[in-house]
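Numbered according to the numbering used here, the sequence shown spans residues 609 to 899. Positions of the beta carbon are idealized from the N, C-alpha and C atoms, including for glycine. Right, one structure below, let's go through it.
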Amino acid sequence: MRLKNCVPLAAIAVLAMGVAACGEDSESSEPRDKPSFAAGTTMERLSNAQKIVVGTKFDQPLFGLKGLDGKPAGFDVEIAKIIAAELGIPADKIEYKETPSQVREQVVEQGTVDIVVATYTINDKRKERIAFAGPYYVAGQQIMVRADDSSITGPDSFKAGDKKVCSVSGSTPAANIKSYLQDEAAQLVLFDTYQKCVDALKAETVDAVTTDNVILSGFISKSDGAYKLIGTKFTEEPYGIGVKKDDAEFRAFINDVLESIATDGRYEEAWKTTVGKVDPEVPSAPAVDRY
Ligand code: GLU
């Protein structure tokens with residue numbers, strides 16, 4: 609861990625305690641010194657350019673949440689920083705583009721971003737348009753309601769037809785919840801970001817928000833007790849990193865990076881400094897799927 613902007617004595621004390629109490633730059637984002645890559649690869653192009661454009665979320669606490677400095681922070685952002693560092697690109701040379709769920713395939717196809725790291729479930733439909741490295745985490749869909757609501761206990765509670773649920777266009781939870789609804793047009797409210805769903809829950813224009821458990825946990829952690837998770841996870845959402853469909857070398861490179869960080873401490877550190885603040889149990893990184 610490299611510490612910046614600290615007086616030396618304070619830095620020594622902080623290092624001795626093994627915690628970071630002042631301006632911190634994690635080892636995870638320490639760039640490799642002039643790594644070399646095969647000519648013509650995306651890795652070579654990005655490394656030479658000393659720049660990478662990362663599509664991520666800007667409104668999701670713990671994964672990608674834009675801070676006062678204008679930059680997103682969270683587990684996805686840490687994963688992106690590690691990939692950049694392995695390309696020899698420092699964290700301050702990463703350009704982040706807000707990438708809501710619905711546009712993720714499109715921005716990869718169009719090349720407006722180099723990678724998408726955005727709570728992005730790997731599935732066959734998406735693989736028709738892009739390729740995924742990973743998974744690097746496996747979430748599961750769940751439901752969040754207002755803390756004082758005991759009328760919804762799981763997805764089956766929507767079958768009666770009188771409850772409204774909010775999710776995000778182009779997301780897997782929005783698609784999955786449909787099979788539990790009696791009247792999709794009346795019950796399903798879709799926005800482009802989860803924050804808008806949370807606002808609708810607060811305003812009581814919807815009764816629930818559904819998406820991945822860890823995204824909902826992030827909103828709950830910021831809600832001062834206003835919301836709660838109910839039931840259990842009812843899907844599997846393996847998170848991958850979106851790259852161009854035909855870029856097998858870049859995908860293999862990212863898979864190599866994910867495999868090495870699973871055991872060298874960087875995955876653990878990325879978790880602990882982000883999601884770990886709410887969920888301290890570090891997950892074991894899932895095996896990458898080199899399909
Ligand atoms: N992981 C799910 C998906 O990729 C939900 C989260 C999101 O919309 O980013 O659709």
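Sorted by chain position, which residues of the same chain lie with C-beta nearer than 6 Å to Asp757's C-beta, five sequence neighbours on each side aside? none
Counting only runs that start and end within the segment 683-771, where is the beta strand (DSSP E) found for 3 or more residues in a row? 702-706, 738-747 and 749-754
When you compare only the Cα positions, how much space is there between Glu632 and Thr801? Low local confidence applies: a pLDDT of 40 at Glu632 is under 50, so the model's placement there is unreliable, with the coordinate-based value given in what follows. If I take the Cα positions, the gap works out to 30 Å.
When you compare only the Cα positions, how much space is there between Leu673 and Val797? 23 Å
Inter-residue CB distance, Gln658 and Lys701 (contact presumed, cutoff 8 Å): 5 Å
In the DSSP output, what is Thr819 paired with across the bridge? Gln750
Within 10 Å of its beta-carbon, does Leu676 have 16 or more other beta-carbons around it, so buried, or fewer, so exposed? It counts as exposed.
Cβ-based burial, Asp872 [other Cβ within 10 Å; buried from 16]: exposed
Three-way DSSP call (helix, strand, coil) for Pro888 in this model: coil
Does the distance between the C-beta of Ser829 and the nearest non-hydrogen atom of ligand 1 fall short of 7 Å? no
Evaluate the contact criterion for the segment 640-655 versus the segment 679-686: three or more CB pairs, one atom per stretch, below 8 Å. At 8 Å Cβ cutoff, the stretches do not touch.
Is Ser709 a contact residue of ligand 1, with contact defined as CB to any heavy atom under 7 Å? Look at Ser709: its beta carbon is less than 7 Å from one of the heavy atoms in ligand 1.
Where does Pro781 sit, in a helix, a strand or coil, going by DSSP? helix
Excluding sequence positions up to five away, which residues of its chain have a Cβ less than 6 Å from the Cβ of Ile849? Ile723, Val725, Ala741, Gly742 and Ile862
Quick one: what's Pro846 bridged to in DSSP? Residue pairing of Pro846 in beta bridges, as defined by DSSP: Val746.
Can you name, in chain order, every residue of its own chain whose Cβ lies under 6 Å from the Cβ of Lys841, other than the five neighbours on each side? Gly748, Gln750 and Asn821
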